[in-house]
Amino acid sequence: MPKTLSLNSLRTGFAVATLATTLSLGTAFAADEVFITDNDMNIAINGYDPVAYHTAGAPTKGVAEFKAEYDGAVYKFSSAENKAAFEADPAAFAPAFGGWCTVGASKGKKIATQPEFFDIVDGQLYLNSSEGAHDLYLRQTTQTIDTATTNWSEIVSTPASEL
Numbered sequence: 060m061p062k063t064l065s066l067n068s069l070r071t072g073f074a075v076a077t078l079a080t081t082l083s084l085g086t087a088f089a090a091d092e093v094f095i096t097d098n099d100m101n102i103a104i105n106g107y108d109p110v111a112y113h114t115a116g117a118p119t120k121g122v123a124e125f126k127a128e129y130d131g132a133v134y135k136f137s138s139a140e141n142k143a144a145f146e147a148d149p150a151a152f153a154p155a156f157g158g159w160c161t162v163g164a165s166k167g168k169k170i171a172t173q174p175e176f177f178d179i180v181d182g183q184l185y186l187n188s189s190e191g192a193h194d195l196y197l198r199q200t201t202q203t204i205d206t207a208t209t210n211w212s213e214i215v216s217t218p219a220s221e222l
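Note that the sequence shown ends on residue 222 in our numbering; no numbers are left out.
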């Protein structure tokens, strides 16, 4: 005799499947597309304040008190004002290429960045991984950004370990 499924068991199965899909997509999204330095907390760009690069012109460490989530990552800020500015327009302050190295992206790679190697071009924050990468970036800024932009569309969802 065929068994019939109750409405409750169907709902439970659907809820479990939806939750599993959501969790797997959320984890892959943050880990693959944004440079995360603390996987447990999903902290982006080494915990530095992305707004301070624009306002202070220097890397400034964010604090736990002022946090906001964007693109599956948690950004920290040095002040309530910077957090509010970010929340009002996160795309204006989030770093290019998810905070991965601009020169690395121009070579089809995702390379961790260091906060002191940065530049702002046309209002966009670009980060780099080392003094050598930053020097190359500064010598060929437009070409590096253009090539990185082209490559990013192909590598954005690929884990760094696979590039």
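Think of the CB as a built atom: it goes at the ideal place given N, C-alpha and C, for glycine as much as any other residue.
Beta-carbon proximity of residue i to residue j, cut-off 8 Å
i: Ala144; j: Phe125; result: no
i: Gln173; j: Ala155; result: no
i: Val93; j: Asp148; result: no
Burial state of residue i, where buried means 16 or more other Cβ atoms lie within 10 Å
i: Ile95; result: buried
i: Ala132; result: buried
i: Val121; result: Residue 121 is actually Gly in this sequence, not Val. Per the 10 Å Cβ criterion, buried.
i: Ser212; result: exposed
i: Asp108; result: buried
Those residues which DSSP pairs with residue i across a bridge
i: Thr128; result: In the sequence on display, residue 128 carries Glu and not Thr. In the DSSP output, where bridge partners are listed per residue, Glu128 has Val133.
i: Asp97; result: Ile102
Nearest-angstrom Cα separation, counted from residue j out to residue i
i: Ile214; j: Gly167; result: 7 Å
i: Glu146; j: Pro118; result: 19 Å
i: Thr203; j: Glu190; result: 15 Å
i: Gly106; j: Phe136; result: 8 Å
i: Ala150; j: Asn98; result: 22 Å
Secondary structure, beta strand (DSSP E): runs of 3+ residues fully inside the stretch 161–222: Segments of the beta strand (DSSP E) lying fully in the stretch 161–222: 173–180 and 183–187.
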